[in-house]
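So the structure is just underneath, and the comments pick up after that.
Protein chains in written order, with UniProt numbering: chain A, 1 to 423; chain B, 1 to 891.
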């Protein structure tokens, strides 16, 4: 299991060091700094073995989190734990930065004592943790016996993510569907692979211990053998187009065995914001936009770029807050842009031209052209030509408008959805 | 008020000030001081001098302060055991506190204080807490048993805590169950045969029930534990699988991977024709693909595991090639892993797409990635025959880019393609030759030279090309020199007329001007072959080479099976068994899939990791082998399996069966050493050597390696003019003096000269070649005892990758007897340490060629299985050294 957990700043100074196992010594702290943080070359692996000790690390802005072990631990679990640790810290004090960590080091030690025991992760749901790790010290004495047993039963109980006795004057539930289309195109413009990964993010402000249940409508086919076949027939017989979901994963509050047997998503939600489910689909992806770039090198110091975007959805729908990022070479000295619609600006610090359009209806087209002046360099390294990315929102995204229907239990729903589609 | 200020105090006399503050009457000031102490501790300052003052703050009703003091205690108690006792009372008192959070805190912290005297006091509170009414306390106490076991295993057994822990598996609270499972699994790992985790259908059922209810982490503990269970039959196996599959939809990737592990393992027990088997296979693909949308670090873990899964069950992901296409913003470690999987999944159906992708990658920026992509194209050619032509033309396109490292990499893989498809693509040689000048890496130069030599008859100016390399012969690396020597000899055998001068030049360069023994020996052998029997030389040097296999990089089957049992863990990330990187007795046990037919004797070191030429040396390190392949072609590795069959008939090589023989060394060669005189083995039977029979044995006497041979003349005529020569070998063994047989050997006369180690024997009739194996202990020199300090430094200095761990079974010596026994074979014990009834012997030995081998031998009283870890800068010898240990100890 995890033998120790260290947090470093970007210089490699230790901010937090907690050792859980006897086989991890103080020298492990230095070994990681010397071999990974101060290493000359780029990080070649998130798992490093130094002197028979394995280091797992993740980086959040300038901060390094490293878990250390000498045993054959569950590697996936260690990384999941590190991410969780970041989530918990963010929930307690916001952004993970050197300043915040130093300011909250006592709290972090307290958290580390609670969520990792002898290297075994324990309940790490912030909802539950916040009931008894409060940084108010005295609370242990003040609370009554009932309160105490309520805390412990929640921390160890089946519903560790929600405390009892939550009350709201208005019960509200918000649901966001965030989709990103990942697209791989050949240089000839042929789509090699495309998939949509979607996230259903909920914000719930509900009283008591509410049972929520989502049904999947019969248009959705989960591509898992045994069930896929039957529903597929149903979809065909009703003459409707079915939506095939390749796979989905759920927040730990969802009863997985129930989903497996009844295909209903039933759960008692955590309070506040959480990611209920993720899904992935590859079939019949209609690309909402087409982006056509043209790059011409005019001599060694000049580059001409032209990008055309075409919206590829129903004219009645409206895409909003469109942002196209066109990367520029590192040795760019100046850029002149002309765009038909919206505003475009060269941002030197980001090495990109950012083109923003407020809204655009379906089946329309727009273009931007830019002249990029380059400084002559001796640098032999090629420009890696990063891809153009694009973000936008559509009130109802193409796949969700046909998506899951919601069966609340008499609650008022407030549904908003938007899609983010980087290309 | 911000706490970051505590990190900045660097004043002198700080400790003194802190002392005063800690003893202050004001609670706030006390707390501030403790915070400062913890901050100092974090950045690595030694604040142990404040121990009594900090412990004095323990008696407080402020929970935050209490936790800080506990944190300090956990860090420093070990260095101040006597003072730590002061804390015991508070702990015992806290364990009775009405607040369950405080009870749990006390029992959790006590377990982390590794002081023997404290553990005694821990037992009673722990016993109570294990039966506490509050589940929070019980789940903390369960982990505490594992902590205590780590400090004092005997105490835990004597106090009966293990039984209490087992009872907790039936606890009503799922988290208590999960922690009890985790604790028991850990304890069971250090007692492989204890049957602690008595898994039976009833307990399994309890675990499966808890699985649905506990936290994500608890689910991981339970699934990892389930994976160790072997179901009684296929029905039980199926029912467990059915209950585990819903976990594949969990948001936590570790839960998914652990579920995959259970399913992959239990699937082995299901009949293949069962409907459910097919269903299960199909269910596995989507979650594995979904793992690739996780954060990059997890993607990396997932990809390393997918690499194993596709080797074991390629059918699961065979249609998912596209998801492994590299994305622009993938971190480099993800890109490199994806590339590996793309090659594994490449098939006739998708090869066009794969090749198009690989060609793109070959123009990327990262050098390692580009190289790997070029290599991948070559591997595709070898794997999918139909694509070979397209691959070759892609490689030619890449060569046209003239990007230096791309060209070199391409030439290395084209050499392999030539070997796989002989007489098919040689038309491209001309293009390759154009790039001769740009090659600056040894591997590429060696590959090019091999190509020129191998196809000398088709290259008009082969002699000119090789001659041009010859100019800077002494500046080349050994790899290139050896290749050049062989290539010119090949050229000479093909075009003897024009190249006589050239061959003489290279032979004299290799034999007279070089001080590299490998090169010299190869040179001499060619020389002798060419001067005595050109026909034989042709047969040897131009022997037909066996085809190289498609998947040389597959993980060896027993290792793969073991790694499948470790899906999700570090072992699956490193692709090494846990014993290779875990210290102590944990993880040494090798896990196997149910119903596996592979026996541990199939276990071999992972050869694919070694460069091919090293493999050759590796084999030779214990088999002095003349017949093998004097041609020394660079793709030697593949030739070994079939070595005896492809060897020309005139060469006698009893006992040179290649790999298999080599790894059976333990039985055959690990002969008694020291004063005992081992029996001789027949090395060269009379019927193969025109009546000369040679039998012999290797021994080490008085610091000299000796090869004792008995030469028997079974022919009708007298034999005279004996001489002897060795082929090059890893340890540079060479005859110390000429073979002295003073009297002619009359028929049926047998002499027994005490002579030094040798291999090729010539007499008046002919030259006979044979090989014989010698035990590696021969090579251990008498001054192999290392200084303690040097040992420590060297042990640290040698990279961990070079360490290998083995187990010696059924050995009933105590550590002293073992040490004495080993000493007689020049294995010296430098230090001995006893930890928890386990004796650790630190030993060193030195080989004749100056290679040091360091060993750590662990002997547990009453346990007949020893564990040995070997560290050496030349890790290839470890296997042989281990076998020698086994032979010496068991004798």
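Note that beta-carbon positions come from the ideal geometry of N, C-alpha and C, so glycine has one too.
How far does the beta strand (DSSP E) with residue 795/B in it extend, from its first residue to its last? Within the second chain, residue 795/B is the residue found at index 795, counting from 1. Element bounds for residue 795/B: not the beta strand (DSSP E) but the alpha helix (DSSP H), 788-797.
Out of 23/B, 38/B, 30/B, 25/B, point me to the one whose CA is closest to residue 6/B's CA. Your numbering for residue 6/B matches position 6 in the second chain. Measuring from the Cα of residue 6/B, the nearest candidate turns out to be 38/B.
What are the residues of the stretch 319-342 of chain B that lie near chain A, defined by any Cβ-Cβ distance shorter than 8 Å? Answer set for the stretch 319-342 of chain B: 322, 323, 325, 327, 328, 329, 331, 332, 333.
Three-state secondary structure (DSSP) of residue 18/B: Stepping through the second chain from its first residue, residue 18/B is reached at position 18. Secondary structure at residue 18/B: helix, using DSSP grouped into helix, strand and coil.
Identify the continuous alpha helix (DSSP H) that holds residue 815/B and give its terminal residues. As a first step, residue 815/B is located in the second chain; it is residue number 815 there, counting from the start. Note, residue 815/B: alpha helix (DSSP H), 815-823.
Can you look up residue 554/B in the DSSP assignment and give me helix, strand or coil? As a working mapping, residue 554/B is identified with position 554 in the second chain. Note: residue 554/B maps to coil in three-state DSSP.
Cut-off 7 Å between Cβ atoms - residues of its own chain near residue 68/B, not counting five sequence neighbours on either side: Position 68 of the second chain, counted from the first residue, corresponds to residue 68/B. Answer for residue 68/B: 34, 35, 38, listed in chain order.
In three-state terms, what does DSSP make of residue 173/A? Walking along the first chain from the start, residue 173/A turns up at place 173. Note: residue 173/A maps to strand in three-state DSSP.
What three-state label does DSSP hand residue 893/B in the structure shown? Here chain B comprises residues numbered 1 to 891, so residue 893/B is not present and cannot be evaluated.
Ignoring anything shorter than 3 residues or poking outside the stretch 34-66 of chain A, list the beta strand (DSSP E) runs there in chain order. Here the runs fully enclosed are 47-50, 53-60.
By the DSSP assignment, the alpha helix (DSSP H) with residue 379/B in it spans what residues? Counted from its first residue, the second chain places residue 379/B at position 379. Looking at the DSSP string, the run of the alpha helix (DSSP H) that includes residue 379/B is 367-383.
What is the C-beta distance between residue 466/B and residue 476/B, in whole angstroms, given that I count them as a contact (C-beta under 8 Å)? One-based indexing of the second chain puts residue 466/B at position 466. One-based indexing of the second chain puts residue 476/B at position 476. So it is not a contact: roughly 12 Å between Cβ atoms.
Beta-carbon separation of residue 124/A and residue 73/A under 9 Å? The sequence position of residue 124/A within the first chain is 124, counting from 1. The sequence position of residue 73/A within the first chain is 73, counting from 1. Cβ distance not < 9 Å, so residue 124/A and residue 73/A don't count as in contact.
C-alpha distance - residue 93/B paired with residue 105/B, whole-angstrom precision: As a first step, residue 93/B is located in the second chain; it is residue number 93 there, counting from the start. As a first step, residue 105/B is located in the second chain; it is residue number 105 there, counting from the start. Distance between the alpha carbons of residue 93/B and residue 105/B is about 12 Å.
Output, in chain order, the set of chain B residues within a Cβ distance shorter than 8 Å of residue 80/A. Looking up residue 80/A in the first chain gives position 80. Under the 8 Å cutoff, chain B gives 216, 252, 253, 254, 298.
If distances are taken between C-alpha atoms only, which option among 193/A, 189/A, 171/A, 360/A comes closest to residue 181/A? Position 181 of the first chain holds residue 181/A. Measuring from the Cα of residue 181/A, the nearest candidate turns out to be 193/A.
Are the beta-carbon atoms of residue 111/B and residue 147/B separated by less than 9 Å? Here the question's residue 111/B lines up with position 111 in the second chain. Here the question's residue 147/B lines up with position 147 in the second chain. Yes. Within cutoff.
At the 9 Å Cβ level, is residue 119/B part of the contact set with chain A, yes or no? Here residue 119/B corresponds to residue number 119 of the second chain, with the count starting at 1. By this cut-off, residue 119/B is not an interface position.
Taking only beta-carbon positions, decide if residue 620/B is within less than 9 Å of chain A. To locate residue 620/B, count along the second chain from 1; it is residue 620. In this prediction, residue 620/B has a pLDDT of 29, which is less than 50 and means its spatial position is unreliable; nothing more can be read from the coordinates.
Any beta-carbon of chain A closer than 9 Å to the one on residue 267/B? On the second chain, position 267 is the one that residue 267/B refers to. Residue 267/B does not count as touching chain A.
State the Cα-Cα distance for the pair residue 278/A and residue 81/A, rounded to the nearest angstrom. Sequence index remark: in the first chain, residue 278/A carries index 278 (1-based). Sequence index remark: in the first chain, residue 81/A carries index 81 (1-based). Rounded to whole angstroms, the gap between the alpha carbons of residue 278/A and residue 81/A is 19 Å.
Using CA coordinates, which residue listed in 536/B, 796/B, 813/B is at the minimum distance from residue 50/A? Taking the first chain and counting its residues from 1, the one referred to as residue 50/A is at position 50. That would be 796/B, whose Cα lies nearest to the Cα of residue 50/A.
Just grab the DSSP bridge partners of residue 590/B for me. On the second chain, position 590 is the one that residue 590/B refers to. Residue 590/B pairs with nothing; no bridge assigned.
Under the DSSP definition of a beta bridge, which residues are partnered with residue 274/A? Sequence index remark: in the first chain, residue 274/A carries index 274 (1-based). The partner list for residue 274/A (beta bridge, DSSP) reads 202/A.
9 Å Cβ cutoff, residue 249/A in contact with chain B: Mapped onto the first chain, residue 249/A falls at position 249. Contact with chain B is found for residue 249/A, since one of that chain's Cβ atoms lies less than 9 Å from the residue's Cβ.
Proximal residues, the stretch 281-297 of chain B versus chain A, C-beta separation under 8 Å: 282, 283, 286, 287, 289, 290, 293, 295, 296, 297
Got a sec: is the Cβ-Cβ distance from residue 353/B to anything in chain A below 9 Å? Position 353 of the second chain, counted from the start, is the residue given in the question as residue 353/B. At least one chain A Cβ lies under 9 Å of residue 353/B.
6 Å CB neighbourhood of residue 376/B in its chain, flanking five on each side removed: Working through the second chain from its first residue, we reach residue 376/B at position 376. So the list reads 339, 343, 358, once near-sequence residues are dropped.
Here's the rule I'm using: 16 or more other beta-carbon atoms within 10 Å means buried, otherwise exposed. How should residue 16/B be labelled? Locating residue 16/B in the second chain gives position 16, counting from the first residue. Exposed: under 16 other Cβ atoms inside 10 Å.
Candidates 375/A, 245/A, 92/A, 318/A: closest to residue 330/A by CA position: Residue 330/A sits at position 330 when you count from the first residue of the first chain. Ranked by Cα distance from residue 330/A, the options 375/A, 245/A, 92/A, 318/A are led by 375/A.
Verify the contact flag: residue 197/A, CB atom, against every heavy atom of the ligand GTP, threshold strictly below 8 Å. By its list of ligands, the structure shown contains no ligand whatsoever, and the ligand GTP lies outside what it can speak to.
Please list the partners that residue 245/B has in chain A, where partner means a Cβ-to-Cβ separation under 8 Å. Along the second chain, read from residue 1 onward, the residue named residue 245/B stands at position 245. In chain order: 260.
Per the DSSP calculation, residue 293/A is bridged to which residue(s)? For the purposes of this step, residue 293/A is taken as the residue at position 293 of the first chain. Paired residues: 307/A.
Please report whether the beta-carbon of residue 271/A lies at a distance below 9 Å from any beta-carbon of chain B. Here residue 271/A is taken as the residue at index 271 of the first chain, counted from 1. So, not an interface residue.
State yes or no: is the beta carbon of residue 425/B nearer than 9 Å to at least one beta carbon in chain A? Your numbering for residue 425/B matches position 425 in the second chain. Answer no: the Cβ-Cβ gap between residue 425/B and chain A never drops below 9 Å.
Does DSSP put residue 577/B in a helix, a strand or coil? Position 577 of the second chain, counted from the first residue, corresponds to residue 577/B. In this structure, residue 577/B counts as coil in the three-state DSSP scheme.
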